[in-house]
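The structure appears below as structure tokens.
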Amino acid sequence: MVEKVLLTDEAAEWLRRLTGMHGPLMFHQSGGCCDGSSPMCYPDGEFRTGSADVHLGDLAVDGVEKPIGFWMSANQYEYWKHTQLTVDVVKGRGSGFSVEAPEGVRFLIRSRLFTDTESAELGLL
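Rendered as structure tokens:
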């Protein structure tokens, strides 16, 4: 099965720390301007999702009991549906309400296009 969203080891380490501080977590990427196009990490359920959002998958993190859901606004997903996303973390502070902001790091997305075979498996062709 082709995964739509992955996680770097460094991002997983931060998610373990942040889960210890905030409890279960979730991601949402809205596609707004500026840092709105960055993945925002919230305590699970703090950001309400609905029919205008697409659930891309759940990130399993060793040492974290509950998988971390990753959601994207449906409008943004239309632009990104042909790419595999990888959640990474870098030093620096983004703006917004993401739980990592006070820690001097920020999550970001790295991406690559799915191969034709992966796209076919996902029903994108």
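According to this note's numbering, the sequence shown is numbered sequentially starting from 1237.
Idealized CB from N, CA, C, for every residue including glycine.
* Kindly indicate the opening and closing residues of the beta strand (DSSP E) around Thr-1322. => By 1-based counting over the sequence shown, the position of residue 1322 is 86. Counting along the chain, the beta strand (DSSP E) containing Thr-1322 begins and ends at 1319 to 1327.
* In the DSSP assignment, find the alpha helix (DSSP H) that holds Leu-1251 and state where it starts and stops. => Here the question's residue 1251 lines up with position 15 in the sequence shown. Counting along the chain, the alpha helix (DSSP H) containing Leu-1251 begins and ends at 1245 to 1258.
* **Entirely enclosed alpha helix (DSSP H) segments - the segment 1273 to 1354, minimum 4 residues** => Counting whole runs of 4 or more residues, the segment 1273 to 1354 contains the alpha helix (DSSP H) stretches 1310 to 1316.
* Where does Val-1290 land, buried or exposed, given buried means 16+ other C-beta within 10 angstroms? -> Here residue 1290 corresponds to residue number 54 of the sequence shown, with the count starting at 1. Answer is buried; the Cβ neighbour count reaches 16.
* Give the straight-line distance between the Cα atoms of Glu-1246 and Val-1341, rounded to the nearest whole angstrom. => Here residue 1246 corresponds to residue number 10 of the sequence shown, with the count starting at 1. Here residue 1341 corresponds to residue number 105 of the sequence shown, with the count starting at 1. Whole-angstrom Cα-Cα distance: 11 Å.
* **With 16 other Cβ atoms within 10 Å as the buried cut-off, status of Leu-1360** => By 1-based counting over the sequence shown, the position of residue 1360 is 124. Exposed is the label assigned to Leu-1360, since fewer than 16 other Cβ atoms lie within 10 Å of its Cβ.
* Buried or exposed: Lys-1240, going by 16 or more other Cβ atoms within 10 Å of its Cβ? -> Here residue 1240 is taken as the residue at index 4 of the sequence shown, counted from 1. Lys-1240 should be labelled buried.
* Could you tell me how far apart the beta carbons of Glu-1314 and Val-1238 are, in whole angstroms, since I believe they sit closer than 8 Å? => For the purposes of this step, residue 1314 is identified with residue 78 of the sequence shown, where counting begins at 1. For the purposes of this step, residue 1238 is identified with residue 2 of the sequence shown, where counting begins at 1. At roughly 18 Å, the Cβ-Cβ gap does not stay under 8 Å, so Glu-1314 and Val-1238 are not in contact.
* Hey, would you say His-1264 sits closer than 7 Å to Val-1335, going by beta carbons? -> Along the sequence shown, read from residue 1 onward, the residue named residue 1264 stands at position 28. Along the sequence shown, read from residue 1 onward, the residue named residue 1335 stands at position 99. Taking 7 Å as the Cβ cut-off, His-1264 and Val-1335 do not qualify as a contacting pair.
* Going straight from the alpha carbon of Gly-1286 to that of Val-1323, what length do you get? -> In the sequence shown, counting from the first residue as 1, residue 1286 sits at position 50. In the sequence shown, counting from the first residue as 1, residue 1323 sits at position 87. Using only the alpha carbons, I get a separation of about 22 Å.
* To do: With a threshold of 16 other CB atoms inside 10 Å of the CB of Pro-1338, please say whether the residue is buried or exposed.
  => Counted from its first residue, the sequence shown places residue 1338 at position 102. Flag for Pro-1338 reads exposed.
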